[in-house]
Every structure is written in C-alpha cells, then in structure tokens.
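So the structure is just underneath, and the comments pick up after that.
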Amino acid sequence: MAVARFLVVLKPGVPLDAAAMLEALQPVLEEIRAEIEHRTPAHLSAMIRGGGETQRMQLFADVQSKADGKVLELVLLSREAMGTTAPHTREVFKLLLELIQRHVPSMPLTFRSDRDGPLPIGT
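Once you know that position 67 of the sequence shown is 242 in our numbering, the rest is easy, because the numbers rise by one and skip nothing.
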C-alpha cells in the first residue's frame, strides 16, 4: 500500500548537539499532540492520532551529520494515499511547518519535500 510521506530538513544557525536539536522541538510536539513512543539522544518517533486508521500518523525526527554540520530531519508518514494528494496528512504537514517557524526559529528550514522534491543523492 502506498503511504503519504513528507520530509522537512532543518539546519541550526549555530552548531547544536543532537539532544538540544530534539529538545527544541518540544513545543511543536506538544501543539500537535504527538505521543512520543521512542526517544534516544539523536532520534525520536511519535504518533499523531487523527480519526481512523488512515489519519493516524507517525513522526520521526533524526539528527544527521552532514559535511557542513548536523541537520534535523523530520518525516511525517501516514497510510493515506498519495494518489489523492493525501489531504489530511498534507494539512498536518502544513501545521507542522507553521509550528516549526513559530517555535524553532533557530533552525531554519532548508528542505521540504512538497516544495523541493526528493533529497538529492549525497546530501
């Protein structure tokens, strides 16, 4: 079954350790009512509940080391079909983007899959 998948990459303006990057997300997670299922110093996974199986979403946050420093990758997944443009998942993704801008201005958005396409190889 095809799943909806949206990706966002954030890059801190100043170097931060992985734990600080994930901690900066806390107000965002609270506003979208994400239930954290698993957390390590550089990764977290959370469930965002909606109505019904297709509206239940998973959010993964991973700190990745790149050549020019660490980035925070956020992936929003659901069972909603992308062929129908996954309207519910897309709405939650837009809310996620708004909350990131409001609560995490220290980590500007450098990539979003709905606008910038798939990540190029080697980044």
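We put the beta carbon where it would ideally sit given N, CA and C, even for glycine.
Taking 8 Å as the cut-off, the Cβ atoms of residue 183 and residue 252 do not count as close. Remark: fewer than three beta-carbon pairs, one from each stretch, lie closer than 8 Å, so the segment 211-222 and the segment 270-288 are not flagged as touching. In this structure, residue 191 keeps its C-beta atom at 8 Å or more from the C-beta atom of residue 269. DSSP places residue 232 within a strand segment (E or B) once states are collapsed to three.
Exclusion of the five residues before and after residue 196 leaves 238, 247 as the residues of its chain whose Cβ lies within less than 6 Å of its Cβ. Counted as a single uninterrupted DSSP element, the stretch harbouring residue 195 is not any beta strand (DSSP E) but the alpha helix (DSSP H) occupying residues 193-199.
Relative to residue 289, the option among 243, 264, 279 whose CA is nearest is 264. Counting only runs that start and end inside the segment 205-273, the beta strand (DSSP E) elements of at least 3 residues fall at 210-215, 218-223, 232-241, 244-253.
For residue 288, the enclosing alpha helix (DSSP H) stretches over residues 288-291.
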